[in-house]
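Those protein sequence lines, which keep their order, are chains A and B. Residue numbers for the first sequence, in the working numbering: 1 to 112. Residue numbers for the second sequence, in the working numbering: 113 to 224. Only one structure is covered here, and it is reproduced in the block below.
There are 2 protein chains.
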Amino acid sequence: MKKSSLYKGCLEPILLRLLKDNGRMYGYQMTQMVKEITKGELNITEGALYPLLHKLEEQGVVETETEMNGNRMRKYYSLTKAGKKHTVNAMDEMKAFMQSLEFIVNPKPIVG
Amino acid sequence: MKKSSLYKGCLEPILLRLLKDNGRMYGYQMTQMVKEITKGELNITEGALYPLLHKLEEQGVVETETEMNGNRMRKYYSLTKAGKKHTVNAMDEMKAFMQSLEFIVNPKPIVG
DNA sequence: TTTTATGCATAATTTTCTTATGTATATAAA
DNA sequence: TTTATATACATAAGAAAATTATGCATAAAA
Numbered sequence: 001m002k003k004s005s006l007y008k009g010c011l012e013p014i015l016l017r018l019l020k021d022n023g024r025m026y027g028y029q030m031t032q033m034v035k036e037i038t039k040g041e042l043n044i045t046e047g048a049l050y051p052l053l054h055k056l057e058e059q060g061v062v063e064t065e066t067e068m069n070g071n072r073m074r075k076y077y078s079l080t081k082a083g084k085k086h087t088v089n090a091m092d093e094m095k096a097f098m099q100s101l102e103f104i105v106n107p108k109p110i111v112g
Numbered sequence: 113m114k115k116s117s118l119y120k121g122c123l124e125p126i127l128l129r130l131l132k133d134n135g136r137m138y139g140y141q142m143t144q145m146v147k148e149i150t151k152g153e154l155n156i157t158e159g160a161l162y163p164l165l166h167k168l169e170e171q172g173v174v175e176t177e178t179e180m181n182g183n184r185m186r187k188y189y190s191l192t193k194a195g196k197k198h199t200v201n202a203m204d205e206m207k208a209f210m211q212s213l214e215f216i217v218n219p220k221p222i223v224g
């Protein structure tokens, strides 16, 4: 994604979140949406994206439909029922993680 | 650190932040402080911690002093002058990263 | 006396990216 | 009209950054 890859390990929950919010999406669309939302901060590389999507499909987290847009193929991904459950857990973990980061980066002084 | 390692890639800035806030610290102390601050969420493994500290020392980001505490050794780490500059940048990147995560996990609706 | 905590360290392996490469169509710019 | 950019997929090689396992050693608690 970026030079300073803080994002290592966060890609899967990010994709799950996108699918949860937007329903059906195709790969390239995900990269563009993330780029836009993060104002160019986060650029998902194809080498990270596609293998991960394939893994999630293998695991039954997402399912796909391939459609033609003019002459170009689009492979749409959406969460399965199991994938939706999985996503709930992933989002909880994500929140806990972000909270923890917040605690570290912005430590609260102990009030006596 | 944890099973679901979202933290992959964040360890270095976390350590820099600790040293910035607390001055001189030894490795084990860092693991305990992070565990405490994050309420047990983040458990830094030794296999991740020590090689990283050694790398930072090699790079001149931190410097060390070894002291004996009773019969047990403690190796104290602190930021060098260059390390302090480096940390300012790292914290900026960290903030941008956290902001981006926030945007994704908690997307703001577009107000027309 | 055996487990847990403190304190360091490293090797092997796995996970998760980046970078590079490949194929192909559509559009914009030169 | 040719070239660059954008769209859209995919995979392989390599690097980065963890986990897991192991080792050594002292101190305290069970």
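By construction, the Cβ of each residue, glycine as well, lies at the ideal position given by its N, Cα and C atoms. All of these numbers come straight from a predicted model, not from anything done at the bench.
Local conformation of residue i per DSSP, three classes
i                : result
Ser100 (chain A) : helix
Leu19 (chain A)  : helix
Val62 (chain A)  : strand
Tyr140 (chain B) : helix
Leu154 (chain B) : coil
Met79 (chain A)  : The residue you asked about is not Met; residue 79 (chain A) is Leu in the sequence shown. Strand.
Leu56 (chain A)  : helix
Asn201 (chain B) : helix
Leu118 (chain B) : coil
Pro51 (chain A)  : helix
Closer than 8 Å at the beta carbon, the chain A residues around residue i
i                : result
Arg244 (chain B) : Residue 244 (chain B) falls outside the range modelled here, since chain B spans only 113 to 224, and no answer is possible.
Ile149 (chain B) : Ser100, Phe103, Ile104, Pro107
Leu118 (chain B) : Gly9, Cys10, Pro13, Glu93, Met94, Phe97
Val146 (chain B) : Ile104
Beta-carbon spacing of residue i, residue j below 7 Å
i                : j               : result
Ser212 (chain B) : Leu42 (chain A) : yes
Lys207 (chain B) : Lys8 (chain A)  : no
Thr80 (chain A)  : Glu63 (chain A) : yes
Ile44 (chain A)  : Met98 (chain A) : no
Ile126 (chain B) : Ile14 (chain A) : no
Identity of the residues DSSP links to residue i by a beta bridge
i               : result
Met73 (chain A) : A:Met68
Beta-carbon neighbours of residue i, restricted to chain A and to distances below 7 Å
i                : result
Leu154 (chain B) : Ser100
task = Please confirm if the region 9 to 18 of chain A is in contact with the region 195 to 203 of chain B, defined as three or more CB-CB distances below 8 Å between the two stretches.
result = no
task = Kindly confirm or deny that the region 144 to 163 of chain B and the region 102 to 109 of chain A touch, where touching means at least three C-beta pairs closer than 8 Å.
result = yes
message = Three Cβ pairs or more, each shorter than 8 Å: is that satisfied between the region 66 to 77 of chain A and the region 23 to 31 of chain A?
response = yes
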